[in-house]
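A.B. asks:
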Ligand SMILES: Cc1cc2nc3c(=O)[nH]c(=O)nc-3n(C[C@H](O)[C@H](O)[C@H](O)COP(=O)(O)OP(=O)(O)OC[C@H]3O[C@@H](n4cnc5c(N)ncnc54)[C@H](O)[C@@H]3O)c2cc1C
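In our numbering, the protein residues as written are 348 to 803.
Spelled out as structure tokens, the structure:
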């Protein structure tokens with residue numbers, strides 16, 4: 348399948364601004380925006396997608412390394428992620444099982460007892476999460492009480508002090524944020540949105556179960572190829588959305604699109620980099636300031652072979668202190684070379700980011716060498732992606748609500764602002780902040796717009 352060439356599509360560096368008309372201007376060519384565009388096209392409406400970067404895919408990203416690519420962003424798919432699986436089927440992108448045979452390295456204070464304590468706390472969280480309606484967490488009977496507390500505060504009273512290291516590790520692995528940054532209601536809504544704690548945290552039977560052949564980025568590349576160069580502009584950051592009586596005017600660098608509606612499919616925290624005329628309602632504008640993403644540095648280390656497999660290890664590491672707390676075997680299917688992927692998350696990522704590059708690399712490789720042997724400390728390739736440094740993302744995995752966020756701003760997440768509709772993984776009631784959520788949000792926003800524009 349041919350991919351649109353960046354050179355064909357870039358508009359930002361052109362001296363003159365071109366003008367376009369479309370039925371719908373879509374801002375952002377991540378999975379949400381591209382799926383919205385696919386569905387609009389199917390409904391007989393012409394979309395034009397405006398993307399700030401020189402590439403599609405947003406938080407999914409194949410980065411080149413000698414001899415291939417590695418996945419720098421979202422990559423796993425798991426059970427119940429049905430819309431994402433359907434998209435992969437439709438586009439002919441196969442999946443394969445994450446390598447998970449053998450032992451996971453575990454290094455946590457308190458060992459098995461700490462995990463046992465954590466399991467009791469997680470079971471209690473699941474019981475509470477069952478009371479949270481996934482599409483309206485703010486309507487839970489105890490929403491006000493749960494949204495007034497940090498997850499950290501609740502954990503401190505959960506009666507399992509020895510499990511605090513394990514619980515912090517799991518929290519940063521799922522949210523890329525510290526327990527003190529999250530509202531208790533946010534954690535419960537997240538569990539409900541995914542279905543269970545196991546679905547969020549496990550490899551087999553959970554969100555890390557499978558990977559995409561060629562990387563998840565391939566989904567966006569194929570969606571973009573189908574959409575065609577005429578309907579997609581790269582290097583076109585949207586600066587202003589103006590609403591008038593007859594439609595919207597969406598101004599990006601190098602191109603202005605006049606359309607009947609707009610779908611904005613960018614992470615909420617960078618949503619306020621787009622000027623709106625007339626200004627957005629106060630609540631919506633404040634929502635953009637109240638949904639910060641967490642911090643992650645994702646490191647790929649390349650080896651000639653996945654040598655840890657010969658020692659009965661599956662490449663997984665769970666560790667209750669930084670800089671690296673979680674690793675996976677991220678080798679290509681067949682294992683013709685070895686890749687370990689290591690995550691620094693939350694405050695560990697923030698501390699790591701402040702080190703000079705050499706010290707950062709040494710700190711990461713020290714952990715890998717300690718747990719997977721000397722060879723692991725000498726990779727043939729090494730690639731870091733710090734998502735907080737990405738100007739068109741500024742953190743990951745997705746936006747989180749701190750105390751008060753869900754009850755004050757949750758009802759506004761999917762509410763259109765005049766002719767502007769909102770998509771993106773953060774707006775999904777199901778698998779919020781995951782690729783599944785992004786796909787669902789694109790489908791939902793396109794359906795809203797198609798219903799509005801095709802009404803007799
Ligand atoms: C390191 C990492 C690991 C992850 N792991 C997983 C995983 O294993 N499984 C999973 O399901 N999910 C995972 N996720 C989350 C998943 O990648 C995201 O939820 C999903 O890709 C978000 O898609 P989206 O379309 O909503 O947003 P994005 O992908 O962020 O797309 C938004 C797009 O809008 C563009 N944009 C922003 N501002 C503007 C502007 N002003 N004008 C024009 N364009 C603009 C951006 O460049 C971007 O392309 C991970 C994410 C990261 C970063």
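Where a beta carbon is used, it is the ideal one built from N, C-alpha and C, also for glycine.
A quick note: this is a predicted structure, and the numbers were derived from the prediction, not measured.
1) With a Cβ-Cβ cutoff of 9 Å, do residue 393 and residue 370 count as a contact?
2) So residue 744 packs on residue 643, CB below 8 Å; how close in whole Å?
3) Mind checking whether the beta-carbon of residue 647 lies closer than 8 Å to any heavy atom of ligand 1?
4) By how many angstroms is the C-alpha of residue 645 removed from the C-alpha of residue 410?
5) Examine the Cβ distances between the stretch 493-509 and the stretch 517-532 and report whether three or more of them are shorter than 8 Å.
6) If we cut at 9 Å on Cβ distances, does residue 667 have a partner in chain B?
7) In this structure, what does DSSP give as the bridge partners for residue 454?
8) Would you mind giving the Cβ-Cβ distance between residue 412 and residue 367, rounded to the nearest angstrom? I have them listed as a contact below 8 Å.
9) Check whether the Cβ of residue 538 sits closer than 8 Å to any heavy atom of ligand 1, and report yes or no.
10) Confirm, please, whether the CB-CB distance from residue 796 to residue 430 is below 9 Å.
11) Provide the residue(s) that pair with residue 806 in DSSP beta bridges, ordered along the chain.
12) Determine the extent of the beta strand (DSSP E) in which residue 492 is found, giving its start and end residues.
13) Any chance the CB of residue 744 is under 8 Å from a heavy atom of ligand 1?
14) Ignoring anything shorter than 3 residues or poking outside the stretch 385-449, list the beta strand (DSSP E) runs there in chain order.
15) Going by alpha carbons, who is nearest to residue 679 out of 664, 668, 710 and 652?
16) Buried or exposed: residue 456, going by 16 or more other Cβ atoms within 10 Å of its Cβ?
17) Could you tell me whether the stretch 605-620 touches the stretch 715-729, where touching means 3 or more Cβ pairs closer than 8 Å?
18) Can you grab the Cα-Cα spacing for the pair residue 513 / residue 668, in whole Å?
19) If I'm right that residue 789 touches residue 380 with Cβ under 8 Å, what's the distance once you round it to whole angstroms?
20) Helix, strand or coil: how does DSSP classify residue 499 here?
21) Nearer than 8 Å: is that true of the beta carbon of residue 732 relative to any heavy atom of ligand 1?
22) Let me know if residue 750 comes out buried or exposed under the rule of 16 or more other beta-carbons within 10 Å of its beta-carbon.
23) Which residues mark the beginning and the end of the alpha helix (DSSP H) in which residue 535 is found?
24) Exposed or buried, residue 705, counting other C-beta atoms within 10 Å across all chains shown (16 or more means buried)?
25) Output yes or no for whether 9 Å exceeds the beta carbon distance between residue 661 and residue 683.
26) Is the separation between the beta-carbon of residue 596 and that of residue 445 shorter than 9 Å?
27) Is any heavy atom in ligand 1 found nearer than 8 Å to the beta carbon of residue 677?
28) Please report the distance separating the alpha-carbon of residue 735 from that of residue 741.
29) Taking just the CA atoms, how far does residue 721 sit from residue 714?
30) Take the Cβ of residue 783 as the centre, count every other Cβ of all protein chains shown within 10 Å, and call the residue buried at 16 or more, exposed below.
31) Relative to the alpha-carbon of residue 537, which residue among 480, 506, 737 and 608 has its alpha-carbon at the smallest distance?
32) Look at the Cβ atom of residue 565, then the Cβ atom of residue 438, and state whether they are nearer than 9 Å.
33) Any idea if residue 474 is buried or exposed, counting beta-carbon neighbours within 10 angstroms, 16 or more meaning buried?
34) DSSP three-state label for residue 791, please.
35) Output the residue ranges of the beta strand (DSSP E) runs that lie fully inside the stretch 602-630 and measure 3 residues or longer, sorted by chain position.
36) By a C-beta neighbour count over all protein chains shown, 10 Å radius and 16 as the cutoff for buried, is residue 354 buried or exposed?
C.D. replies: On the basis of the coordinates in this document:
1) On the chain shown, residue 393 is found 46 positions in, with the first residue counted as 1. On the chain shown, residue 370 is found 23 positions in, with the first residue counted as 1. A contact, by the Cβ cut-off of 9 Å.
2) As a working mapping, residue 744 is identified with position 397 in the chain shown. As a working mapping, residue 643 is identified with position 296 in the chain shown. Indeed, because the Cβ distance is near 7 Å, the residues count as touching under 8 Å.
3) Residue mapping note: residue 647 aligns to position 300 of the chain shown, counting from 1. No; taking the cut-off as 8 Å, the Cβ of residue 647 has no heavy atom of ligand 1 nearer than that.
4) On the chain shown, position 63 is the one that residue 410 refers to. On the chain shown, position 298 is the one that residue 645 refers to. Distance between the alpha carbons of residue 410 and residue 645: 12 Å.
5) yes
6) In the displayed structure, chain B is absent; only one protein chain is listed.
7) What you label residue 454 is simply residue 107 of the chain shown in a count that begins at 1. In the DSSP output, where bridge partners are listed per residue, residue 454 has 666.
8) In the chain shown, counting from the first residue as 1, residue 412 sits at position 65. In the chain shown, counting from the first residue as 1, residue 367 sits at position 20. At roughly 36 Å, the Cβ-Cβ gap does not stay under 8 Å, so residue 412 and residue 367 are not in contact.
9) Here the question's residue 538 lines up with position 191 in the chain shown. Result no, Cβ not under 8 Å from ligand 1.
10) Translated into positions along the chain shown, residue 430 becomes position 83. Translated into positions along the chain shown, residue 796 becomes position 449. Contact flag unset, no.
11) Because the chain in this structure spans residues 348 to 803, residue 806 falls outside the shown range and cannot be described.
12) By 1-based counting over the chain shown, the position of residue 492 is 145. Here residue 492 belongs to no beta strand (DSSP E); instead the alpha helix (DSSP H) covers 490-494.
13) Translated into the one-based positions of the chain shown, residue 744 becomes position 397. The answer is yes for residue 744.
14) 394-397, 409-412, 415-418 and 442-444
15) Your numbering for residue 679 matches position 332 in the chain shown. Among 664, 668, 710 and 652, the Cα nearest to that of residue 679 belongs to 652.
16) Residue numbering aside, residue 456 sits at position 109 when the chain shown is read from its first letter. Exposed is the call here.
17) no
18) Position 166 of the chain shown, counted from the first residue, corresponds to residue 513. Position 321 of the chain shown, counted from the first residue, corresponds to residue 668. Between residue 513 and residue 668, the C-alpha separation is close to 9 Å.
19) Within the chain shown, residue 789 is the residue found at index 442, counting from 1. Within the chain shown, residue 380 is the residue found at index 33, counting from 1. Their Cβ separation, rounded to whole angstroms, is 7 Å, which keeps residue 789 and residue 380 in contact under 8 Å.
20) If you number the chain shown from 1, residue 499 lands on position 152. In this structure, residue 499 counts as helix in the three-state DSSP scheme.
21) Stepping through the chain shown from its first residue, residue 732 is reached at position 385. Result yes, Cβ under 8 Å from ligand 1.
22) The sequence position of residue 750 within the chain shown is 403, counting from 1. Buried, by the Cβ-count rule.
23) Position 188 of the chain shown, counted from the first residue, corresponds to residue 535. That run of the alpha helix (DSSP H) goes 531-541.
24) Along the chain shown, read from residue 1 onward, the residue named residue 705 stands at position 358. Counting Cβ neighbours within 10 Å, residue 705 comes out exposed, since fewer than 16 surround it.
25) For the purposes of this step, residue 661 is identified with residue 314 of the chain shown, where counting begins at 1. For the purposes of this step, residue 683 is identified with residue 336 of the chain shown, where counting begins at 1. Not a contact, by the Cβ cut-off of 9 Å.
26) The sequence position of residue 596 within the chain shown is 249, counting from 1. The sequence position of residue 445 within the chain shown is 98, counting from 1. Cβ atoms of residue 596 and residue 445: not closer than 9 Å.
27) Reading the chain shown from its first residue, position 330 is the one you call residue 677. Flag unset: Cβ of residue 677 not near ligand 1.
28) Looking up residue 735 in the chain shown gives position 388. Looking up residue 741 in the chain shown gives position 394. So the alpha carbons of these two residues sit roughly 4 Å apart.
29) Taking the first residue of the chain shown as 1, we reach residue 714 at position 367. Taking the first residue of the chain shown as 1, we reach residue 721 at position 374. About 10 Å.
30) Here residue 783 is taken as the residue at index 436 of the chain shown, counted from 1. Its Cβ being crowded by 16 or more others within 10 Å, residue 783 is buried.
31) Against the chain shown, residue 537 aligns to sequence position 190. Ranking 480, 506, 737 and 608 by Cα distance to residue 537 puts 480 first.
32) Translated into positions along the chain shown, residue 565 becomes position 218. Translated into positions along the chain shown, residue 438 becomes position 91. Yes, these two residues count as a Cβ contact at 9 Å.
33) As a working note, residue 474 is residue 127 in the chain shown. That one is exposed.
34) Along the chain shown, one-based indexing puts residue 791 at 444. Three-state DSSP puts residue 791 in a helix.
35) 602-606, 608-611 and 622-624
36) The residue you call residue 354 lines up with position 7 of the chain shown. Here the model assigns residue 354 a pLDDT of 42, short of 50, so the residue's position is not dependable, and the following value carries that caveat. The residue in question, residue 354, is exposed, as its Cβ has fewer than 16 Cβ neighbours within 10 Å.
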